[in-house]
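First the structure, in the form of structure tokens, and then the observations on it.
In our numbering, the protein residues as written are 1358 to 1614.
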């Protein structure tokens, strides 16, 4: 197994803002694994609050014994091995996993959905994420999303209703809402959830702080739409502690590997 890595900074068209921070770029690592002449590609997108960087990704790749990876790949054993090297590093571990799955699909001459027995007709729609911004930029972002069928809106600040009303002035698409732990008062939060339901919201991600299990559970028990855990769940072992606090979870490969 050979590995090549290309680090770069992905410059964003607009600053990307959520409840607690903003950024203008994202560090990304593109990797290529080559196994017996077959190339597999993976990508690690490293958001700042997860503690990863281009430097940490390169350092982790240098610790991997690539001779261990032989076909047929035992993906569970591989992930256990990567975890044994060092905890954390979910994005670069996900990139390795994706690249190996790419190779696996090419060896089998099958797309990944077929390898895993998925039905493309039953896959959920891909949403277009819109960060917190000024009204003029929000309208520009909605225009950029003209080919999408669902918008995902970042909320969690004092002007949440203004943001939604601005979007509703130019679009009637269904909405996914991600508060990114931005709501602190559960009474105000449940009022907002009902208001968002009336505005066409289909779900709410991580309304309150991930450590506020009681608050999130209180909202889940009263919400007219699904409440999903996001920052509160990173790995499978996290699920047991979330029982009763959410209707479901949001799985992101870059944060879960």
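Each residue gets a CB set at the ideal place from its N, CA and C atoms; glycine is no exception. The structure presented is a predicted model; accordingly, all values stated were derived computationally and were not measured.
Assign residue i to buried or exposed, taking buried as 16 or more other Cβ atoms, counted over all protein chains shown, within 10 Å of its Cβ.
i: residue 1611; result: buried
i: residue 1568; result: exposed
i: residue 1379; result: exposed
i: residue 1432; result: exposed
i: residue 1555; result: exposed
i: residue 1563; result: buried
i: residue 1419; result: exposed
i: residue 1521; result: buried
i: residue 1368; result: exposed
What would DSSP say about residue i, mapped onto helix, strand or coil?
i: residue 1604; result: coil
i: residue 1528; result: coil
i: residue 1518; result: helix
i: residue 1647; result: Because the chain is modelled from 1358 through 1614, residue 1647 falls outside the range shown and cannot be assessed.
i: residue 1610; result: helix
i: residue 1486; result: strand
i: residue 1398; result: strand
i: residue 1432; result: helix
i: residue 1562; result: strand
i: residue 1473; result: coil
i: residue 1586; result: strand
i: residue 1368; result: strand
i: residue 1597; result: helix
i: residue 1441; result: helix
i: residue 1535; result: strand
i: residue 1425; result: helix
In angstroms with no decimal places, state the Cα-to-Cα distance between residue i and residue j.
i: residue 1495; j: residue 1451; result: 31 Å
i: residue 1536; j: residue 1394; result: 45 Å
i: residue 1441; j: residue 1428; result: 21 Å
i: residue 1436; j: residue 1500; result: 40 Å
i: residue 1456; j: residue 1470; result: 15 Å
i: residue 1405; j: residue 1573; result: 24 Å
i: residue 1498; j: residue 1434; result: 42 Å
i: residue 1459; j: residue 1493; result: 40 Å
i: residue 1570; j: residue 1424; result: 43 Å
i: residue 1517; j: residue 1557; result: 14 Å
Could you please give the first and the last residue of the uninterrupted alpha helix (DSSP H) stretch that includes residue i?
i: residue 1388; result: Segment 1379-1392 is the beta strand (DSSP E) holding residue 1388; no alpha helix (DSSP H) there.
i: residue 1462; result: 1447-1465
i: residue 1416; result: 1411-1418
i: residue 1375; result: Neither: residue 1375 is in no alpha helix (DSSP H) and is coded neither H nor E.
i: residue 1493; result: 1492-1501
i: residue 1549; result: 1543-1555
Name the two residues that bound the continuous beta strand (DSSP E) containing residue i.
i: residue 1509; result: 1508-1511
Discussion item. Is it the case that the segment 1569-1585 contacts the segment 1544-1560, given that we only count it when at least three CB pairs across the two stretches are under 8 Å?
Written reply: yes
Worksheet item: For the 8 Å Cβ check, are there 3 or more pairs between the segment 1530-1543 and the segment 1501-1510?
Response: yes
Fill in: Inter-stretch contact at 8 Å, needing at least 3 Cβ pairs: the segment 1384-1399 / the segment 1358-1368
Segments in contact, yes.
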